[in-house]
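In what follows, a single structure is set out as structure tokens and then discussed.
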Amino acid sequence: MRVYLLALLIAATVAYLMTPLARWCALRWGAITAVRDRDVHAIPTPRLGGMAMFAGMLVAILMVSSLPFLSGVYDNIRPLVGIMGGAAIVCALGIADDIWDLDWLTKLMGQVLAGGFLAWQGVLLYQLPTAGMPILGSTRMATFLTVLTVVIAMNAVNFVDGLDGLAAGVLAIGGTAFFLYAYLLTAGANPGAYANANLAALVLAVLVGACVGFLPHNVYPARIFMGDSGAMVLGFVFSAAAIIITGQIDPEQVLVRQRFPAFLPMLLPFAVLLLPLLDMGLAIVRRVGAGKSPFHPDRMHLHHRMLQLGHSHRRAVAIMYVWTAVFAFGVAALVRWETTVVLITFGVAVVVATLLTLGPLRGRAATPPLEAPL
1 MRVYLLALLI AATVAYLMTP LARWCALRWG AITAVRDRDV HAIPTPRLGG MAMFAGMLVA
61 ILMVSSLPFL SGVYDNIRPL VGIMGGAAIV CALGIADDIW DLDWLTKLMG QVLAGGFLAW
121 QGVLLYQLPT AGMPILGSTR MATFLTVLTV VIAMNAVNFV DGLDGLAAGV LAIGGTAFFL
181 YAYLLTAGAN PGAYANANLA ALVLAVLVGA CVGFLPHNVY PARIFMGDSG AMVLGFVFSA
241 AAIIITGQID PEQVLVRQRF PAFLPMLLPF AVLLLPLLDM GLAIVRRVGA GKSPFHPDRM
301 HLHHRMLQLG HSHRRAVAIM YVWTAVFAFG VAALVRWETT VVLITFGVAV VVATLLTLGP
361 LRGRAATPPL EAPL
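FYI, the numbering used here numbers position 337 of the sequence shown as 337, with every residue one higher than the one before it.
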């Protein structure tokens with residue numbers, strides 16, 4: 001655990017220290033988000049925060065490479081090259097988009113290229129551990145699903161990046177839950193089934209660290225946005241870690257220990273990205289149903305609805321943090337505790353989160369209407 005915490009601390013420190021430089025670059029290069037009708041910020045704000053986040057991850061990965069505990073991870077360097085190389089591709093793509101506002105097709109092609117590079121380096125969704133049986137057989141199908149997973153994750157994180165501190169906080173919370181799951185796999189009774197869990201744990205640790213280091217600059221009122229360079233890097237790195245655990249474990253050994261049920265590797269990534277995926281899915285259905293492009297912007301995202309309910313900016317972000325924690329840690333808890341206990345606790349947490357979400361409505365109902373003057 002200490003090695004992973006060291007990697008997290010390095011990533012956080014570098015990201016924190018590099019963010020002012022990224023802000024300076026954004027101001028110098030004109031990468032500034034103007035105030036638009038759909039936005040909630042009041043003044044033009046520089047972006048390019050993803051530069052600092054990627055730098056934090058990369059420096060941390062390099063600095064812990066000589067530690068004996070992680071020798072197994074660095075003995076086969078290809079998966080790590082695939083992850084960091086792909087992250088570099090999407091970071092460069094995001095920087096270009098933050099500066100020049102690329103069209104959606106160019107961004108999609110760049111995302112596919114990054115996903116293809118990841119697959120080329122051996123990080124592939126070979127199998128889904130359903131009932132202990134792999135359901136994927138061909139390399140072409142595995143490559144297609146790998147690229148599809150990466151592209152969906154990157155765009156989902158981008159969709160939810162609409163309030164100060166929201167995307168970085170959601171990924172920090174969800175990434176922590178997924179990291180704990182990966183770490184428990186490495187310490188489990190049957191580690192042979194999870195040979196890649198150490199790599200996933202390391203990647204998730206530096207991802208969480210980068211988010212933690214960036215957040216002080218990004219909480220409301222934000223001095224800098226992560227931009228596409230940050231949202232796509234976070235989505236890419238998280239999806240790569242999920243693929244490592246979900247698609248490259250041994251399904252014959254995964255059911256040996258009941259505390260590691262086979263469905264958890266698939267369920268947990270969805271739980272972590274539930275809000276981004278839900279927001280993206282609703283947006284696509286809403287826009288296509290109205291005869292518009294799925295990429296047509298509007299003010300109907302989940303975070304916009306939270307503000308419309310009457311929540312302040314900070315409170316809306318905090319409540320979405322709560323929902324992320326409820327689902328991410330609720331699923332991760334199945335590793336350690338009995339299902340019945342987890343479900344009861346999860347149900348209570350959902351009720352509490354719902355009450356917090358609907359709080360402004362209760363306040364309105366309790367406020368008597370003003371009497372008309374005589």
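Here a beta-carbon is modelled for each residue, glycine too, at the ideal position from N, C-alpha and C.
As the structure is a computational prediction, the values presented were derived from the model and not from experiment.
Could you check if residue i is buried or exposed, using at least 16 other CB atoms within 10 Å of its CB as the buried criterion?
i      : result
Arg78  : exposed
Met109 : exposed
Ile43  : exposed
Val285 : exposed
His303 : buried
Asp164 : buried
Lys107 : buried
Ile245 : buried
Met306 : buried
Gln111 : buried
Gln121 : buried
Asn155 : buried
Arg336 : exposed
Ser66  : exposed
Ile89  : buried
As a quick exercise: from the options, pick the residue whose alpha carbon is nearest that of residue i.
i      : options                           : result
Asp279 : Leu268, His301 and Pro297         : His301
Ala31  : Leu207, Val348 and Phe225         : Phe225
Thr324 : Thr339, Arg305, Thr354 and Val341 : Thr354
Leu62  : Val203, Ile95 and Cys211          : Val203
Leu379 : Ser229, Pro294 and Ala201         : Nothing can be reported for residue 379, as the shown portion of the chain is limited to 1 through 374.
Gly84  : Val123, Met266 and Gln308         : It should be noted that the sequence gives Met, not Gly, for residue 84. Considering only alpha carbons, the answer is Val123.
Tyr126 : Val322, Ala114, Thr139 and Trp120 : Thr139
Leu70  : Arg2, Ile243, Leu282 and Leu358   : Arg2
His311 : Leu361, Met266 and Pro294         : Leu361
Ala316 : Asp298, Ala332, Leu358 and Phe329 : Leu358
Met53  : Trp24, Leu17, Pro46 and Asp161    : Leu17
Quickly, what does DSSP pair residue i with across the bridge? List them, please.
i      : result
Pro297 : DSSP output for Pro297 lists no bridge partner at all.
Thr340 : BP columns for Thr340 are empty, so no partner.
Ile244 : For Ile244, which the question treats as bridged, DSSP gives no partner whatsoever.
Pro46  : Ile32
Assuming residue i is part of the alpha helix (DSSP H), what are its boundary residues?
i      : result
Arg223 : Unbroken run through Arg223: none, as it is neither H nor E.
Phe214 : Ala197 to Asn218
Tyr126 : Careful: Tyr126 lies outside any alpha helix (DSSP H) and carries neither H nor E.
Asp415 : For the chain, the structure presents residues 1 to 374; residue 415 sits outside this window and is missing.
Phe69  : Neither: Phe69 is in no alpha helix (DSSP H) and is coded neither H nor E.
Val35  : No alpha helix (DSSP H) contains Val35, which DSSP labels as neither H nor E.
Ala290 : That residue, Ala290, is in no alpha helix (DSSP H); it is neither H nor E in DSSP.
Ile152 : Thr139 to Val160
His304 : Leu302 to Leu309
At least three beta-carbon pairs within less than 8 Å, the segment 158-177 to the segment 266-274 | yes
Determine contact between the segment 144-158 and the segment 202-219, defined as no fewer than three beta-carbon pairs at a distance below 8 Å.
-> no
Evaluate contact between the segment 82-99 and the segment 223-241, counting only Cβ atoms and requiring at least three cross-stretch pairs below 8 Å.
-> yes
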